[in-house]
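Take a look at the structure below.
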Amino acid sequence: MKSSEMKNKDLLLYAVTDRKWLKDGVTLADECKKAIDGGVTMIQLREKELGYDDFLAQAKELKTLCQSRGIPFIVNDNVQIAIEVGADGIHVGQEDMHADDVRKLAGKDMILGVSAQNVEEAVTAEKNGADYLGVGAVFPTSSKDDASEVDFETLKEICQSVSIPVVAIGGITEDNIKELKGSGIVGISVISAIFAQEDIKDACERLCANTERILPADSSAYKDIKGAIFDIDGTVIDSMKIWDKAGLMFLEKHGIKGDDDLGKRLFAMTIGDAGKYIQENFLPNMKPEEISAGVNDVIRGFYINDAQPKEGMIELIKTLKEEGVKLTVATSTDRDVFMPCLERLGLDKYFDGIFTCTEVGHSKAEPEIFNQALELMGTSPKETWVFEDGLYSAKTAKSLGMKVAAVYDETSRHDWDEFRLMADAIIRIND
Ligand SMILES: Cc1ncc(COP(=O)(O)OP(=O)(O)O)c(N)n1
Ligand SMILES: Cc1nc(C(=O)O)sc1CCOP(=O)(O)O
Ligand SMILES: [Mg+2]
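Residue numbers for the sequence shown follow UniProt numbering, so the first one is 1 and each next one is one higher.
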């Protein structure tokens with residue numbers, strides 16, 4: 001991977017190796033495979049005890065592994081070996097070769113990571129060509145003897161002072177990672193919370209999910225963005241649950257208590273079919289159309305009075321607008337249902353155009369709605385991002401050459417593993 005191709009998402013869970021944790025009869029490559037299976041997005045070979053030849057051999061092996069699994073491979077400290085094995089990147093600290101010298105030697109395409117402990121080092125590293133920063137130690141660590149602690153405020157200040165992505169490192173565990181929320185980091189870098197664990201794949205899955213949960217929906221992740229197409233339900237508005245519950249809430253109004261299973265069954269039906277089902281099973285004296293209209297009223301009432309934005313989305317929309325990005329909506333929900341909510345939240349004024357599947361006459365499994373949004377914005381697919389919580393819609397957007405920010409929603413959690421891998425960025429806040 002070239003440095004220009006690296007996305008923030010590649011830094012989400014960055015594993016740094018340490019063979020002192022190897023279990024009997026297990027190789028570093030075996031452990032790295034488990035880590036990649038668990039969702040590690042980048043690997044750095046950091047083996048302070050290995051001599052040149054062994055380090056080189058290990059680097060060749062891990063380079064091949066990472067390449068075959070589609071994740072970047074970074075070499076710690078040793079620029080010569082990074083170049084020799086064709087690593088994707090090199091990571092150097094303040095005591096190592098200077099970043100500008102590394103850049104000269106390694107060329108513009110190699111990913112260059114630099115350690116920084118304060119704003120001055122961070123700004124200088126960026127000026128000298130760093131592609132990302134490793135900042136730590138954010139917690140006490142026994143994996144690096146000479147690590148000095150960096151407090152939360154300094155970490156935050158560093159993130160605000162540079163335009164390159166920052167990963168936190170040092171003593172991070174699946175529990176304390178939540179303390180880094182709001183710092184501005186794009187990911188974490190970890191040794192012992194991965195390689196010292198009994199079940200490495202399992203540990204990585206939890207670290208990934210917990211890291212996704214603390215990342216902001218901020219605009220810095222969307223490189224070269226000129227246009228943005230927002231889905232509404234489950235993306236901008238936390239409204240998916242009402243579609244699940246509306247049938248049950250309607251029945252409750254009529255004194256009938258249904259269970260979760262009934263809610264799920266009704267959710268899978270059209271409103272018309274739900275009306276028929278409720279009549280046949282619960283309200284024989286009411287017409288199906290009346291029931292459907294009643295269920296619809298429950299949904300509309302929720303949008304008018306109660307529906308709330310997903311965390312960070314209002315701020316994201318406002319920032320993109322301020323940055324001059326063209327904004328549109330593409331949604332499967334009918335205009336008269338969601339517009340009262342957008343208006344109540346003061347969001348309607350930010351969009352240059354609003355497209356609904358009903359009005360376009362095609363679902364989001366087809367390209368028409370996205371093409372119409374692109375045409376209105378006058379942006380090309382590759383400079384346009386689609387913000388979506390639905391995997392099938394995201395696949396259509398991808399097939400048109402647009403970038404996708406996957407927004408986590410509880411309702412589509414079963415698709416998340418596939419969705420997060422295909423997406424160019426991830427938004428998963430406080431699920
Ligand atoms: C991602 C990441 N961040 C920081 C470091 C530390 O690098 P450095 O300061 O050069 O210390 P050593 O790792 O060489 O002991 C890192 N390796 N990776
Ligand atoms: C390699 C490294 N660099 C650090 C820094 O502060 O720059 S802390 C560190 C060790 C990280 O290991 P663990 O996740 O086990 O604490
Ligand atoms: Mg170093």
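From the three backbone atoms N, C-alpha and C, an ideal C-beta is built for every residue, glycine too.
Query, Result
"Short Cβ contact (9 Å threshold) for residue 329 with residue 302", "no"
"CA nearest to the CA of residue 190, picked from 149, 148, 138", "138"
"Burial state of residue 199, where buried means 16 or more other Cβ atoms lie within 10 Å", "exposed"
"Three-state class that DSSP yields for residue 239 in the structure shown", "coil"
"Minimum length 3: unbroken beta strand (DSSP E) runs contained in the segment 99 to 138", "111 to 116, 132 to 136"
"Residue 17 versus residue 45: straight-line alpha-carbon distance, rounded", "5 Å"
"Euclidean distance between Cα positions of residue 49 and residue 158", "31 Å"
"Ligand 1 heavy atom lying under 8 Å from the CB of residue 171", "no"
"The segment 163 to 178 contacting the segment 122 to 140, beta-carbon criterion three pairs below 8 Å", "yes"
"Whole-angstrom distance between residue 19 and residue 110, CA atom to CA atom", "25 Å"
"Nearest residue (CA-CA) to residue 412, options 378, 239, 221, 123", "239"
"Given residue 320 as reference, the closest of 265, 344, 311, 228 once Cα atoms are compared", "228"
"Inter-residue spacing [alpha-carbon to alpha-carbon] between residue 327 and residue 414", "29 Å"
"Whole-angstrom C-beta distance between residue 305 and residue 271, which should lie under 8 Å", "Wrong, their Cβ atoms sit about 20 Å apart, outside the cutoff."
"Where residue 359 falls: helix, strand or coil (DSSP)", "helix"
"Assigned exposure category for residue 163 - 16 Cβ within 10 Å defines buried", "exposed"
"Integer Cβ distance of residue 10 from residue 41, believed to fall under 8 Å", "5 Å"
"When 347, 379, 403 are compared against residue 388, the one with the closest alpha-carbon", "403"
"Burial state of residue 27, where buried means 16 or more other Cβ atoms lie within 10 Å", "exposed"
"Integer-rounded CB distance, given that residue 312 should sit under 8 Å from residue 429", "6 Å"
"Local Cβ density within 10 Å of residue 342, reported as buried at 16 or more and exposed below that", "buried"
"Three-pair Cβ contact test at 8 Å for the segment 207 to 219 versus the segment 175 to 191", "yes"
"Within 9 Å, strictly: CB atoms of residue 8 and residue 220", "yes"
"Residue 393 classed as buried or exposed, judged by whether at least 16 other C-beta atoms fall within 10 angstroms", "buried"
"DSSP bridge partner residues for residue 371 (one or two, in chain order)", "Answer is none; residue 371 lacks a bridge partner."
"Residue 230 versus residue 252 - alpha carbon distance", "33 Å"
"Minimum C-alpha distance to residue 245 - residue among 262, 350, 347, 160", "262"
"Residue 115: CB within 8 Å of a non-hydrogen atom of ligand 3", "yes"
"Residue 422, buried or exposed, once every other Cβ within 10 Å from all chains shown has been counted against 16", "exposed"
"Closer than 8 Å: residue 8 CB and nearest ligand 1 heavy atom", "no"
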